[in-house]
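Colleague: For reference, the structure I am asking about is given below.
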Amino acid sequence: MSRFVLKFVRQFFLLCLAFFLAAPLIIVAGVSFNTTAQMTFPPQNISLRWYWTFMEDPAWTSAFLRSVIIAIASSLLTITVAFPIAYIQWKTDSRFAKLLAGMAGVPFILPPVVIAVLFLLFWGTVRHVGQIENIVISHAVTFIAVPLVMISLGFSGIDKSLVEAARTMGARENDILRTVAIPMVLPFVVSSFIFVAIFSLNEYVIAFMVAGFTAETMPVKIFSNMRTGFSPTMCVGAVLFMLIGLFGFITVARLGNLPKLLGARF
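Each residue of the sequence shown is one higher than the one before, counting from 236 in this note's numbering.
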């Protein structure tokens, strides 16, 4: 009986937790289908009015496309920098590579406001403010710890006997990297790319501090519109981001064992 009660309590707790996490998302999605410009849930009449408004407004579409471009660019930049560091650390166990890996994690653990102010001071000092590349570089520096950790996990999972066998058969280091290392690490690379892109899409503080309204991203656009009043068009932008995030997590899950990709050990 006690086992049954314990199992029931555990499942009830997980159900409540899932509802607590999903309720805001469901409400936001429901409000986006309202006919009137009111925050009412459930929606009184189902309509795609605000989705058409979103697509016909250049301010919203440009902010959305800008956010996507920044997310892709910052993800590519982080992968470009993190992959060589992780590879050198795996291959040579270099102290310098370990130092770089440790330094890369510092921006990720700092409070967003602190790192945003530091970036603001940096771009102001070099007199390069309000540009889209400011956000790309700032996001790449902030989130580089994600691909660095995940790609390092991928390299650590490579069986050394495979590498030794390749060397025994006369393979060069470039051949080992191309035929052994990269195929085994590729799921971790793609997963880290997706995670950084999702983080970049939803990041607000750094984007606002380093570029403001001159290179307005979707989160900045949503928060700036909230100052003038509520509009279901904001919920449309949030729904699009939720769909992108859901698609990203499904893609990561289909790449293989999701807990393993996230570093779980069994």
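All C-beta atoms in this analysis are idealised placements derived from N, C-alpha and C, irrespective of residue type, glycine included. For clarity, every value in this text was computed on a predicted model and none was experimentally measured.
Is it the case that the Cβ atoms of VAL381 and SER427 are separated by a distance below 8 Å?
Modeller: Result yes, Cβ atoms of VAL381 and SER427 sit closer than 8 Å.
Colleague: Can you find at least 3 beta carbon pairs, one from the region 425 to 440 and one from the region 479 to 486, that sit closer than 8 Å?
Modeller: The region 425 to 440 vs the region 479 to 486: in contact.
Colleague: Taking only three categories from DSSP, how would you classify ILE429?
Modeller: It is helical.
Colleague: Considering Cα atoms alone, identify which of VAL424, ALA294, GLY447 is closest to GLU368.
Modeller: Residue GLY447 is the option with its Cα nearest to GLU368.
Colleague: Please name the residue in LEU252, CYS251, VAL263, LYS242 whose C-alpha comes closest to that of ASN475.
Modeller: Before going on, a small fix: residue 475 reads as Leu here, not Asn. Nearest option by C-alpha distance: VAL263.
Colleague: Near THR288, which residues of its chain fall below 6 Å by C-beta distance, leaving aside the five closest residues on each side in sequence?
Modeller: Once the five neighbours on either side are set aside, the close Cβ partners of THR288 are THR468.
Colleague: List the whole-angstrom C-beta distance separating ILE379 from VAL316, where the pair is believed to meet the contact cut-off of C-beta under 8 Å.
Modeller: Confirmed, Cβ separation roughly 6 Å.
Colleague: Confirm, please, whether the CB-CB distance from ILE320 to ILE335 is below 8 Å.
Modeller: Reading the sequence as shown, one finds Leu at residue 335 and not Ile. Going by C-beta atoms, LEU335 is nearer than 8 Å to ILE320.
Colleague: Considering just the uninterrupted stretch of the alpha helix (DSSP H) at PRO467, what are its terminal residues?
Modeller: Here the alpha helix (DSSP H) through PRO467 covers 467 to 490.
Colleague: Under 8 Å, with one C-beta from each stretch per pair, do the region 346 to 358 and the region 435 to 447 reach the 3-pair mark?
Modeller: Contact between the region 346 to 358 and the region 435 to 447 is present, because at least three Cβ pairs lie under 8 Å.
Colleague: Quick one, which of PRO454, LEU490, TRP325, VAL445 has its alpha-carbon nearest VAL303's?
Modeller: Taking only the C-alpha atoms, the option nearest VAL303 is PRO454.
Colleague: On the DSSP letters alone, give me the boundaries of the alpha helix (DSSP H) that VAL381 sits inside.
Modeller: Segment 380 to 391, the alpha helix (DSSP H) holding VAL381.
Colleague: State buried or exposed for LYS456, treating a residue as buried only when at least 16 other CB atoms are found within 10 Å of its CB.
Modeller: It counts as buried.
Colleague: In its own chain, which residues sit with a C-beta less than 7 Å from the C-beta of ASN280, not counting the 5 before and 5 after it?
Modeller: Closer than 7 Å at Cβ, skipping near neighbours: THR270.
Colleague: In angstroms with no decimal places, state the Cα-to-Cα distance between MET477 and LEU490.
Modeller: Answer to the nearest angstrom: the Cα atoms are 20 Å apart.
Colleague: Could you spell out the range, first to last residue, of the alpha helix (DSSP H) harbouring ASP410?
Modeller: Looking at the DSSP string, the run of the alpha helix (DSSP H) that includes ASP410 is 408 to 411.
Colleague: Can you tell me whether ARG413 is buried or exposed? The criterion is at least 16 other CB atoms within 10 Å of its CB, across all chains shown.
Modeller: The residue is exposed, with fewer than 16 neighbouring Cβ atoms inside 10 Å.
Colleague: For the alpha helix (DSSP H) that contains PRO278, what are its first and last residues?
Modeller: Taken as a continuous stretch (DSSP letters only), PRO278 belongs to no alpha helix (DSSP H), as it is neither H nor E.
Colleague: From ALA294 to PHE247, what distance separates their C-alpha atoms?
Modeller: Going by the C-alpha atoms only, they are around 44 Å apart.
Colleague: Mind checking which residues open and close the alpha helix (DSSP H) that includes GLN324?
Modeller: 293 to 327 is the span of the alpha helix (DSSP H), which, as asked, contains GLN324.
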